Amino acid sequence: MRTDTLQLASDLAGRSEAFALATVVRREPPSSARVGDSAVVTPDGRFHGWLGGSCTRPTVIREALAALADGAPRLIGIVRDPDSISQPRSGLTVFPMACHSGGSVEIYIEPLLPARRLLIFGVSPTAQALARLAAVLDYRVEAVDPEASEALFPDARRLVTSDESIEPPGSGRDADRCFAVVATLGQRDEEAAWAASRLKPAYVGVVASRKRFGQIRETLTARGATAEQLDRITNPAGLDIGAQTPEEIALSILAEVTRRAHARRAARVGAPSVPVTETEQAPAPAAAATATEQGPTPAAAAAATETERGPGPAGAAVSGTANDPAPAAAVTATERDPVCGMTVAAAAAGHQAEFGGRTYHFCCAHCREQFVAEPHRYAAAAQEG
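So this is what it looks like as structure tokens:
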């Protein structure tokens, strides 16, 4: 693994940001990938690293985003002809190579997600027991109460003494991994339930009798809480295990929170469509820069502004470059290479050309060069196809 890829992964983990790590675990020549080559894919579809070339990149990005969505690692094989493999090994999912490249490569993709966040309102014995148990399961515990202290919550990652100081969860995956439990037990119940429900986490549980919760619900309604907001609150909090002690109640709550977390993950199917930006880095001498994203070389920058003209009638212009950045398109959008017929992931295609008001995508520089030389021929064939 390159040191810059390792450093990026460390930085993202240190900031509690999600990412997927893709590592080559097997290869067959002439694939340019090497065992141990790796790349980081972030939730916005950005690709940082080196996996042997652009032929594997679209599939890796798509599968990495799917792994981030469902939280499950996967082993993928990328080959020229998937039909040639009659019986893939157990656990291996095979995909076609995105361009005319020989060899094959197997890549292990592991999603690395930040710890689930648990907001615990109150300083009751139940709240303290819940914090202790949650820390054992690697929840990122935040104790929320004016009286919260390190002495009461030694395992909390953060102490929040004001409801206004709570950091709201983001949307999407951040909200899916945030949970809140109100265990104030008679002390500022309404205030805590109001603050927790307004955060819109994946779960809000209130530890209270049904009668007491009815009173809390009436107060929240008077404050302007919507029916949808109130319906998101679970009461009584926790699974029915006949809990009696604060520790048993905490156990039942944490079991319900964990079950809810796994259910939400299982409900996700596939990855969202997001823009893709790739910064692929070929292996370089030790003197090479270690920055994660590198700007174009002077030659590449000059090429990016070039307009090429084919020999078609009236000097029909063909513009674009072999290294134009991918447009902000969905990962799943595909185009057919008008020269060789290969299916190309448009968002990650590194070879493009403009002709007749249309953008054409190519699997490699050679196909693009052929198109530029005879644009009318290939454009007509593409329209017929």
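For the sequence shown, the numbering used here begins at 936 and goes up steadily by one. Backbone N, C-alpha and C define an ideal beta-carbon position, used for all residues, glycine too. Note that this is a predicted model, so its numbers are computed, not measured.
### Query
Taking 8 Å as the CB-CB cut-off, is GLY987 touching chain D?
Absence of chain D from the displayed structure is noted, only one protein chain being present.
### Message
Given this structure, state the Cα-to-Cα distance separating ILE1188 from ARG1075, to the nearest angstrom.
### Response
16 Å
### Query
Assuming GLU1153 and GLY1173 make a contact with CB atoms under 8 Å, what is their CB distance in whole Å?
Going by Cβ atoms, the distance from GLU1153 to GLY1173 rounds to 23 Å, so no, they are not a contact pair.
### Query
Is it buried or exposed for THR1161, if we count other Cβ within 10 angstroms and need 16 for buried?
exposed
#### Entry: Residues of its chain near LEU1053, where Cβ-Cβ distance is below 6 Å and the 5 sequence neighbours each way are ignored
ALA1069, TYR1074, VAL1076 and PHE1114
### beta strand (DSSP E) segment containing THR976, residue limits
For the record, residue 976 in the displayed sequence is Val; it is not Thr. Residues 973 to 976.
### Message
Check this for me: beta carbons of ASP1098 and ALA1066, under 8 Å apart or not?
### Response
no
### Message
Rounded to the nearest angstrom, what separates ASN1258 and PHE1030 at their Cα positions?
### Response
Unreliable positioning characterises ASN1258 in this predicted model, as indicated by a pLDDT of 37, which lies under 50. The coordinate reading is nonetheless provided below. So the two alpha carbons sit approximately 25 Å from each other.
### Coil, strand or helix - LEU1027 by DSSP
strand
### Message
Does THR1227 come out as helix, strand or coil in the three-state DSSP assignment?
### Response
Note on THR1227: pLDDT 31, under 50, position unreliable in the model; no value is reported.
### Task
List the endpoints of the continuous beta strand (DSSP E) containing ARG961.
954 to 963
### Message
Whole angstroms are fine: how far does the CA of PHE954 sit from the CA of LEU1134?
### Response
24 Å
### Query
Quick one, are the C-beta atoms of VAL1040 and ALA968 less than 8 Å apart?
yes
#### Entry: GLU1041 (DSSP reduced to helix, strand or coil)
strand
### Query
Hey, which unbroken runs of the alpha helix (DSSP H) at 4 residues or more fall wholly within the stretch 1055 to 1100?
1060 to 1071
### Query
Does DSSP put ARG1158 in a helix, in a strand, or in coil?
coil
### Message
Using CA atoms only, rank isn't needed, just tell me which of GLN1287, PRO978 and THR1294 is closest to CYS1302.
### Response
GLN1287
### Task
Return the bridge partner residues of LEU1047 from the DSSP annotation.
PHE954
### Task
Could you spell out where the alpha helix (DSSP H) holding ARG1123 opens and where it closes?
Run containing ARG1123: none; DSSP gives neither H nor E here.
### Task
Spell out a yes or no on whether the stretch 1053 to 1062 and the stretch 1119 to 1127 are touching, meaning 3 or more CB-CB pairs, one atom from each, closer than 8 Å.
yes
### Task
Report the option in THR1193, GLY1140 and ASP1005 whose CA atom is closest to the CA atom of LEU1072.
THR1193
### Query
By how many angstroms is the C-alpha of GLY1012 removed from the C-alpha of ARG1024?
10 Å
### Per-residue burial, SER951 [other beta carbons within 10 Å of its own, 16 or more giving buried]
exposed
### Task
Give the secondary structure of CYS1302 by DSSP, where H, G and I count as helix, E and B as strand, and everything else as coil.
helix
### Message
Output needed for THR1119: all residues of its chain with C-beta closer than 7 Å, excluding positions within five of it in sequence on either side, in chain order.
### Response
PHE1056, GLY1057, SER1059 and ALA1127
### Message
Would ILE1044 and PRO993 be called neighbours here (beta carbons separated by less than 8 Å)?
### Response
no
### Task
Following the continuous alpha helix (DSSP H) through ILE996, name the residue where it begins and the one where it ends.
992 to 1005
### Task
With distances taken Cα to Cα, identify the nearest neighbour of ARG1112 among PRO1136, ARG1123 and SER1132.
PRO1136
### Query
Quick one: is HIS1197 buried, meaning 16 or more other Cβ sit within 10 Å of its Cβ, or exposed?
exposed
### Task
With DSSP collapsed to three states, give me the class of GLY926.
Not covered by the structure: residue 926. The range shown for the chain is 936 to 1320.
#### Entry: ILE1168 - DSSP class collapsed to helix/strand/coil
strand
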